[in-house]
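Scroll down for the structure; my scribbles are underneath it.
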Amino acid sequence: MEIKVLGTGCSKCKKLYQNSRRAMEMAGLEGEVVKVEDMGEISSYAVLMTPALVIDEEVASMGKSLSAEDIVQLLEERGKK
Numbered sequence: 001m002e003i004k005v006l007g008t009g010c011s012k013c014k015k016l017y018q019n020s021r022r023a024m025e026m027a028g029l030e031g032e033v034v035k036v037e038d039m040g041e042i043s044s045y046a047v048l049m050t051p052a053l054v055i056d057e058e059v060a061s062m063g064k065s066l067s068a069e070d071i072v073q074l075l076e077e078r079g080k081k
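Given below as structure tokens:
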């Protein structure tokens, strides 16, 4: 599993990255959490706002700094747990 946090490095992006790592631990999942700060790569996902959360190459959220619990819920909804 791979989670990507798309953003330019703002405080909300950093918080989403931290919460994503925590959510993976809480859910007992193995995988990678990656920060993507390159605007070219961010634009390839067609997100309108950052920070954005991408789970296995599918945009799951944009414009929000989700809590770890919210991210766990997204993972569960996608059948990743």
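At position 62 of the sequence shown (counting the first as 1) the number is 62 in my numbering, and the numbers step up by one without a gap. Where is the CB? At the ideal position from N, CA and C, for every residue including glycine.
Coil, strand or helix - residue i by DSSP
i: alanine 68; result: helix
i: leucine 53; result: strand
i: methionine 62; result: strand
i: leucine 6; result: strand
i: glutamate 41; result: helix
i: glutamate 32; result: strand
i: arginine 78; result: coil
i: methionine 24; result: helix
i: leucine 48; result: coil
Cutoff 6 angstroms; reference residue i; Cβ partners in own chain excluding five residues on either side
i: glutamate 32; result: Glu2
Reference residue i; option with closest CA among the options
i: glutamate 57; options: Asp70, Leu66, Lys15 and Leu75; result: Leu75
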